[in-house]
Amino acid sequence: MKYLTIIFILISQNLTAQVLHLKPLKADAITGSAFAKSIADSSLTLEQREKIIFNEIKNGNVPNFLRKLTKVTHSNEWDLGDDKISVSYYVLPDYFCIGSDEDFFYVPMTPLLAQKIAYLTKCSLLTRKMVDKVYKNATIKLEPKPIPPTKAMTTVPVFIAHNEIIKTQLKDFDAQHKNSELTAGHKKDIIISNKIYGEQTPRVVIYGWHKLDGKPIQPMYNKHTNTWADYSHGVRLVQQNVWINGKKTKIAKVLKNEKLSILLSDEGRIEKPFYPATKY
1 MKYLTIIFIL ISQNLTAQVL HLKPLKADAI TGSAFAKSIA DSSLTLEQRE
51 KIIFNEIKNG NVPNFLRKLT KVTHSNEWDL GDDKISVSYY VLPDYFCIGS
101 DEDFFYVPMT PLLAQKIAYL TKCSLLTRKM VDKVYKNATI KLEPKPIPPT
151 KAMTTVPVFI AHNEIIKTQL KDFDAQHKNS ELTAGHKKDI IISNKIYGEQ
201 TPRVVIYGWH KLDGKPIQPM YNKHTNTWAD YSHGVRLVQQ NVWINGKKTK
251 IAKVLKNEKL SILLSDEGRI EKPFYPATKY
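Residue numbers for the sequence shown, in my numbering: 1 to 280.
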């Protein structure tokens, strides 16, 4: 019986390591479209809006399709003295949403909020290299649909308009999407990078929005401060655990290592693989 208990614990730990650590979605939770309208009030400051978003996520108002993480594995790309090196990690199958499987709202946010949610869910943001790997492994690849840039691109009405564009695209993949299949191409990623720091004001670093030919529209870019959030930004998280040749370690530990960082980063060591946000 003792050994069976140990085995059960190990299996349970493995299963829970592959889901998003959040409270269950309540049956009476506000829908994504209703939530979007509730934060469209122009009198709300960015800080107030992001506090509302955080509390909604903390209370578990996140679609079920987003909770089952997707395994991404790549190997045979590096020369670290081994014949074969395999790297595996678990990512969100889509960008962060609020609402249900039937009615959800992609919620753009600053990297400060994104990092706070990463802390809450025991996750990390991705590097540029990891974003490329996610796109390569995605089974649902959506064509980017940019909205012409204006001053309104940071406002909720534009967030809502882009959300509807993406949901229209997803109609052709409804069953696969609800089944947590890896989806990419419809947002730029907020990424971790050495370019977060080094300026007078910490920056948000964005990358991605891959076209159907696999080429990203957005090269790595850090010209916005870390209080910027526009309709094109998405937040995809990755579980903190990473497996190298089957041995578990932490993403932050790998990224800080001079030798191993190449496994997850194409810009060398990342000494601070996080944004300067307070924990929840």
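Glycine residues also receive a C-beta, built at the ideal position from the N, C-alpha and C atoms.
Can you tell me whether Asp189 is buried or exposed, with buried defined as 16 or more other CB within 10 angstroms of its CB?
Within the sequence shown, residue 189 is the residue found at index 189, counting from 1. Buried: at least 16 other Cβ atoms inside 10 Å.
By alpha-carbon positions, which one of Asn222, Ile53, Ala277 and Ile251 ends up nearest to Asn241?
By one-based count along the sequence shown, residue 241 stands at place 241. Considering only alpha carbons, the answer is Ile251.
Kindly indicate which three-state DSSP category Asp132 falls into: helix, strand or coil?
As a position in the sequence shown, residue 132 is number 132, starting the count at 1. Correct three-state label for Asp132: helix.
In three-state terms, what does DSSP make of Val204?
The sequence position of residue 204 within the sequence shown is 204, counting from 1. It is a strand residue.
What separation, rounded to the nearest whole angstrom, lies between the Cα atoms of Pro144 and Pro108?
For the purposes of this step, residue 144 is identified with residue 144 of the sequence shown, where counting begins at 1. For the purposes of this step, residue 108 is identified with residue 108 of the sequence shown, where counting begins at 1. If I take the Cα positions, the gap works out to 16 Å.
Between His162 and Tyr231, how many whole angstroms is the CB-CB distance? I'm expecting something under 8 Å.
Taking the first residue of the sequence shown as position 1, residue 162 is located at position 162. Taking the first residue of the sequence shown as position 1, residue 231 is located at position 231. That belief holds up - the Cβ atoms of His162 and Tyr231 are roughly 4 Å apart, short of 8 Å.
What does DSSP give as the partner residue(s) for Asn241 in the beta ladder?
Locating residue 241 in the sequence shown gives position 241, counting from the first residue. Answer is Lys250.
Among Phe274, Leu260 and Phe173, whose alpha-carbon lies nearest the alpha-carbon of Ser86?
The sequence position of residue 86 within the sequence shown is 86, counting from 1. The option with the nearest alpha carbon to Ser86 is Leu260.
Can you check whether the CB of Thr121 is closer than 9 Å to the CB of Leu182?
Along the sequence shown, one-based indexing puts residue 182 at 182. Along the sequence shown, one-based indexing puts residue 121 at 121. The answer is no: Cβ separation not under 9 Å.
To the nearest angstrom, report how far apart Ser38 and Ile53 are at their CA atoms.
Looking up residue 38 in the sequence shown gives position 38. Looking up residue 53 in the sequence shown gives position 53. Cα to Cα, the separation comes out at about 11 Å.
So, helix, strand or coil for Tyr221, using DSSP?
Sequence index remark: in the sequence shown, residue 221 carries index 221 (1-based). DSSP places Tyr221 in strand when its eight states are reduced to three.
Apply the 10 Å Cβ neighbour rule to Lys187 and answer buried if 16 or more other Cβ atoms are within range, or exposed otherwise.
As a first step, residue 187 is located in the sequence shown; it is residue number 187 there, counting from the start. By the neighbour-count rule (16 or more Cβ atoms within 10 Å), Lys187 is buried.
For the stretch 96-106 and the stretch 260-277, state whether three or more C-beta atom pairs, one from each stretch, are separated by less than 8 Å.
Not touching, per the Cβ criterion.
Suppose only complete runs of 3+ residues qualify. What are the beta strand (DSSP E) ranges in the stretch 11-49, listed by chain order?
Qualifying beta strand (DSSP E) stretches: none in this window.
Would you tell me roughly how many angstroms separate the C-alpha atoms of His224 and Leu46, rounded to the nearest one?
By one-based count along the sequence shown, residue 224 stands at place 224. By one-based count along the sequence shown, residue 46 stands at place 46. Spanning the two alpha carbons is a distance of roughly 15 Å.
Kindly give me the distance between the Cβ atoms of Thr70 and Tyr90, rounded to whole angstroms, as I take these residues to be in contact under 8 Å.
Indexing the sequence shown from 1 puts residue 70 at position 70. Indexing the sequence shown from 1 puts residue 90 at position 90. At roughly 7 Å, the Cβ-Cβ gap stays under 8 Å, so Thr70 and Tyr90 are in contact.
So if DSSP puts Asp189 in a beta bridge, which residue, or which two residues, is it bridged to?
As a first step, residue 189 is located in the sequence shown; it is residue number 189 there, counting from the start. Asp189 pairs with Tyr207 and Gly234.
Using the three-state DSSP reduction, which class does Thr70 fall into: helix, strand or coil?
By one-based count along the sequence shown, residue 70 stands at place 70. If DSSP states are grouped into helix, strand and coil, Thr70 belongs with the strands.
Is it the case that the Cβ atoms of Ala29 and Asn64 are separated by a distance below 9 Å?
Counted from its first residue, the sequence shown places residue 29 at position 29. Counted from its first residue, the sequence shown places residue 64 at position 64. No, the pair does not count as a contact, with Cβ atoms beyond the cut-off.
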